[in-house]
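Protein chains in written order, with my numbering: chain A, 26 to 338; chain B, 26 to 338. We put the CB at the ideal spot given by N, CA and C, even for glycine.
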């Protein structure tokens with residue numbers, strides 16, 4: 026799978042023969058491309074919680090297939106939906122996908138949701154590409170790629186679209202501690218797309234900005250509150266503060282399924298705290314998985330509907 | 026060696042029997058406390074370059090012992106000094122220690138320089154502790170501890186002094202990618218000192234500041250230019266920008282041997298670029314080891330002579 030683009034069904038799919046949900050185990054990338062088969066909802070919940078599949082839109086799609094799996098197995102749909110929704114707290118896409126599935130919990134409907142999610146990525150990438158000028162050197166954090174969205178990618182989709190239009194010169198890839206989604210997944214996707222890139226320590230972004238080597242920052246999102254405050258991978262907020270300090274535009278690219286109009290501001294978004302063992306097993310550690318970037322630090326949010334520039338600083 | 030303080034001679038020392046320079050191999054901490062014996066200057070240069078001993082004051086002390094070793098072996102002192110000075114480019118302490126040694130390249134003189142360096146740490150720690158108020162929750166980056174200075178520590182020395190005076194409640198320890206000097210070395214030293222602490226991802230400092238959980242940032246320095254611009258471990262500059270944004274005081278604690286009056290501003294400080302393999306061996310990477318924090322973002326620089334508050338923002 027090394028150098029070709031992943032198809033949506035490579036990332037997550039439903040197989041009637043089983044039945045089962047099959048997903049590419051992202052924990053083992055880039056060294057190994059191994060599929061994980063989930064024949065029960067608890068197996069899928071574990072796969073989501075332990076990050077075999079991750080990224081807000083992708084876990085939404087996986088949960089949609091999970092509800093189809095529960096129905097095919099004759100299980101209680103409410104219990105299945107509750108377990109899937111609780112697998113991870115920060116992304117709103119889990120709840121969104123489950124709500125979308127309730128009236129028609131079939132494989133066909135889940136596949137339509139999946140295809141629509143990928144189409145939204147392509148649409149938002151086309152909009153986001155309009156923000157790039159020739160020679161742009163972009164910086165991205167974590168993985169908002171095809172792996173995170175079930176295909177094509179949100180922030181990485183924007184980079185792909187800009188690259189195809191001849192507007193992108195280089196991508197700085199934050200390695201994204203502790204789980205290295207940048208240096209394991211985003212660098213792998215960019216290599217497959219032939220886009221010049223270099224991994225950096227998360228803490229090196231500031232001095233690259235100071236040296237004038239970063240023209241924009243582009244990230245995905247796990248949940249966007251009604252006021253535009255955006256939860257995303259830990260470190261995103263730091264980048265937004267640094268970008269503002271250096272007058273570098275900061276763009277969020279995410280499908281509308283990530284927008285949670287029921288959450289007024291970022292203060293109400295639950296932030297997942299993960300085990301400190303992801304950082305060190307030797308000493309005490311604190312490991313929030315996400316942070317919240319206030320809308321005032323975001324230059325523009327790009328969805329499948331277009332570019333929404335920030336209302337006010 | 027787990028829970029006791031390191032003595033200066035545990036970190037680096039000269040043994041006439043050999044002769045040799047013996048140092049604690051910091052690459053293998055905290056899992057193993059193993060000593061490395063350098064019987065020649067090239068062996069010591071390699072040990073410094075490959076970070077068996079690191080930290081600006083500590084490598085200055087090691088180089089001082091190295092010059093004594095060269096003399097004991099009847100080697101050319103100019104060649105030895107050149108090789109030691111070139112081992113790492115950013116810290117000025119190498120050049121400082123070698124200049125101090127030229128007139129009297131003896132083990133006894135090197136030991137006096139070592140003891141004076143540790144005394145400077147104790148003096149600056151006492152000054153720095155005056156900046157703390159009861160209940161302070163401090164954040165530190167990399168390792169500016171006893172391991173980095175040949176004993177007691179600069180920034181970590183300040184934390185120790187504040188702890189002993191009952192002023193310190195907690196320390197957030199940036200893990201400090203790529204080589205994890207925070208989660209391997211600083212957490213180990215703080216544990217030995219009994220100081221409550223938790224390791225965090227470097228990228229998590231911003232959201233802790235936003236949550237009001239950081240009362241000050243304290244770091245060491247590898248070189249301080251005449252105007253107060255300060256080179257230190259990559260990520261320090263990001264912390265300084267973030268601290269300013271959140272109105273958190275940012276303190277640099279370093280001996281005067283770190284001040285380079287011959288370098289007018291941070292722009293003239295050479296920044297070491299290390300191998301990208303420290304980040305990832307699978308993809309291209311860029312790995313600057315240090316960055317420069319402008320004096321305007323530093324609330325105060327503390328040396329053995331006292332607290333020098335920043336002149337102007």
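Residue environment for residue 260/B: buried (at least 16 other C-beta atoms within 10 angstroms of its C-beta). In terms of Cβ geometry, residue 123/B and residue 84/B do not form a close pair [threshold 8 Å]. Here residue 193/B carries a strand assignment [DSSP, helix/strand/coil]. In this structure residue 248/A is buried. Its beta-carbon is surrounded by 16 or more other beta-carbon atoms within 10 angstroms. By the rule that beta-carbons nearer than 8 Å mark a contact, residue 224/A touches chain B. Annotated as proximal: residue 183/A and residue 243/A, with beta-carbon spacing under 8 Å.
For residue 328/B, the closest alpha carbon among the candidates 168/B, 270/B, 287/B, 246/B is that of 246/B. Residue environment for residue 202/B: buried (at least 16 other C-beta atoms within 10 angstroms of its C-beta). By the 16-neighbour rule on beta-carbons within 10 angstroms, residue 159/B is exposed.
Judged by DSSP in its simplified three-state form, residue 241/A adopts strand.
In this structure the stretch 290-309 of chain B does not touch the stretch 263-279 of chain A; the number of beta carbon pairs closer than 8 Å is below three. At least one C-beta of chain A is nearer than 8 Å to the C-beta of residue 266/B.
Flagged as an interface residue toward chain A: residue 310/B, by a C-beta distance shorter than 8 Å. A straight line joining the alpha-carbon of residue 137/B with that of residue 223/B spans about 35 Å. Annotation: the continuous beta strand (DSSP E) that includes residue 39/B extends over 37-40. The C-beta distance from residue 46/B to residue 108/B rounds to 14 Å, too long to meet the 8 Å contact threshold. In the DSSP assignment, residue 333/A forms a beta bridge with 326/A. Near chain A, meaning a CB-to-CB distance below 9 Å, the residues of the stretch 246-261 of chain B are 258, 259, 260, 261.
The Cβ atoms of residue 210/B and residue 164/B lie no closer than 8 Å to each other. Interface with chain B (8 Å Cβ-Cβ cutoff): residue 300/A is excluded. Contacts with chain A at 8 Å (Cβ-Cβ) include residue 304/B.
Interface criterion met: the Cβ of residue 235/B is under 8 Å from a Cβ in chain A. Between residue 225/B and residue 193/B, the C-beta gap is not smaller than 8 Å, which leaves the two residues out of contact. By the criterion of a C-beta distance shorter than 7 Å, residue 284/A is surrounded in its chain by 249, once the five residues flanking it on both sides are discounted. The three-state secondary structure of residue 60/A, taken from DSSP, is strand. DSSP places residue 278/B in the uninterrupted beta strand (DSSP E) bounded by 275-278. Positions of the alpha helix (DSSP H) runs, each at least 4 residues long and wholly inside the stretch 59-103 of chain A, are given as 66-74, 81-97 in order along the chain. Note: residue 198/A is bridge-paired with 165/A, 224/A in the DSSP secondary-structure output. Interface annotation for the stretch 204-231 of chain A against chain B: 205, 208, 209, 212, 213, 215, 216, 221, 222, 223, 224, 225, 226, 227, 228, 229, 230, 231, criterion Cβ-Cβ distance under 9 Å.
Under the Cβ criterion of 8 Å, residue 274/B is not counted among the residues facing chain A. Counted as a single uninterrupted DSSP element, the alpha helix (DSSP H) harbouring residue 145/A occupies residues 132-154. Under the Cβ distance rule, residue 307/B counts among the residues neighbouring chain A, one pair being separated by less than 8 Å. Contact note: residue 155/A does not reach chain B at a C-beta cutoff of 8 Å; the least C-beta distance is about 28 Å.
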